[in-house]
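Worksheet: one structure, shown below.
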Amino acid sequence: MDKTKIKIVGIGEGGARAVSGMISLGVGKGNVDFVSIGKDENILLTSATRNNIFLNQDSPTIYKNLSTNLRDAKAVIIVAGIGGSAAKQALPRIISIAKNNNAATIAFVNLPFVLENVERKKNAEYCLNSLREVDTAFILPAEKFFLFRLYRKEISVGELFEVANEIFCMGVKIFLEMSSENDSLLKLGKAKFGYGFGATALEAIRNAVNFPTFEPDEIRRAKRIFIRQTGGSDTSAKNFVKEMIRRDAQLFWRVDNLQSDKIFASIIFTHEEALTDDKNNPLRHRRNFS
């Protein structure tokens, strides 16, 4: 995928902060255009993005600004918390414009907490309906961020948002790296991503496939699995994954033999489930992890 044709759009306060984090980490290395969209002018004015769109304008102006910023994009990556009103207002328009431009649409979104108010849950339902039109969607329940206690002994609510930013930054970075080598990632339907570090390739892979946002043994049902390993060259990690996954699964594996103190492994997988199927609505059958 040609990075010069990628637009990354952060919606709302969470999306704007995540996009600013990507810029500071050098995600895309200057070859990706970033856009922040929201209702809070203070948040957007402090964003690291050069292109900001305020949602307090009239609808024709908002649509025109979105169309201008997304013009010529080969792929549009959306980052947002979908419980807010900004996502409800902007998400359907962004997807519609991207589709009209024949651009691949990829979404990284988190759901509101189970115990949040009815309005935010309704906003999420509305946004999920719009997400049925995207090509690839990574959808994370907010409760899952609490599971990073496995990596950190305690985590405050304030730190929780930092964790969310970190996860989304890494997710987009991993997606950009993998999709630059394999365009099939642009059309995965509902998908998951994870990553892990280790002193050995096997340890890094174990941590990646047991990423805290995954359901137990979720990778065992995956039909397509993409793994990128940085450092290490032993075969034990690959054998470990092959023994875990289904026999008919497609496994794509790349090893970059770079010298590093720690080995890094990233993974993206899909069960090839369509977002249009209501049984796959991620707001169903949720539980509180906090």
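Note that the working numbering has the sequence shown beginning at 105, numbered continuously upward. Using N, Cα and C, we set each Cβ at its ideal position, and we do this for glycine too.
Per DSSP, residue i is paired with what?
i	result
Pro245	Leu215
Val180	Lys111 and Thr209
Gly185	Asn214
Along the chain, where does the alpha helix (DSSP H) containing residue i start, and where does it finish?
i	result
Ile309	Ala305 to Val313
Arg197	Ser189 to Asn204
Arg324	It is not in any alpha helix (DSSP H) - Arg324 carries neither H nor E in the DSSP assignment.
Asn361	No alpha helix (DSSP H) contains Asn361, which DSSP labels as neither H nor E.
Gly237	A small fix is needed here, since residue 237 is Glu in this sequence, not Gly. First-last for Glu237: undefined, no H or E at that position.
Asn146	Glu145 to Leu149
May I ask you to report which of helix, strand or coil DSSP gives residue i?
i	result
Phe344	helix
Gly132	coil
Gly275	helix
Ala353	coil
Ala369	strand
Ala122	helix
Phe330	strand
Asp287	helix
Val267	helix
Gly335	coil
His389	Caution applies to His389, whose pLDDT of 46 falls short of 50 and renders its modelled position unreliable; the model cannot decide the point.
Quick one: Cα of residue i to Cα of residue j, how far?
i	j	result
Phe301	Ile372	15 angstroms
Asp144	Ala194	14 angstroms
Ile157	Ile186	17 angstroms
Leu362	Phe368	10 angstroms
Gly336	Ile141	41 angstroms
Arg351	Asn146	52 angstroms
Met282	Lys226	34 angstroms
Asn155	Glu229	28 angstroms
Ser189	Arg224	8 angstroms
Arg324	Lys342	14 angstroms
Gly119	Ala353	33 angstroms
Ile309	Cys273	20 angstroms
Trp357	Lys168	42 angstroms
Asn205	Glu347	42 angstroms
Ser128	Gly116	18 angstroms
Lys276	Val131	This sequence places Val at residue 276; Lys is not what is there. Straight-line Cα distance between these residues: approximately 8 angstroms.
Ala179	Arg332	21 angstroms
Gly125	Val213	16 angstroms
Asn160	Phe138	20 angstroms
Please list the terminal residues of the continuous beta strand (DSSP E) segment that includes residue i.
i	result
Ser168	Checking the sequence, you will find Lys at residue 168 rather than Ser. Element bounds for Lys168: not the beta strand (DSSP E) but the alpha helix (DSSP H), Ser163 to Leu174.
Lys296	Gly293 to Gly302
Asn155	Asn155 to Phe158
Ser140	Asp137 to Gly142
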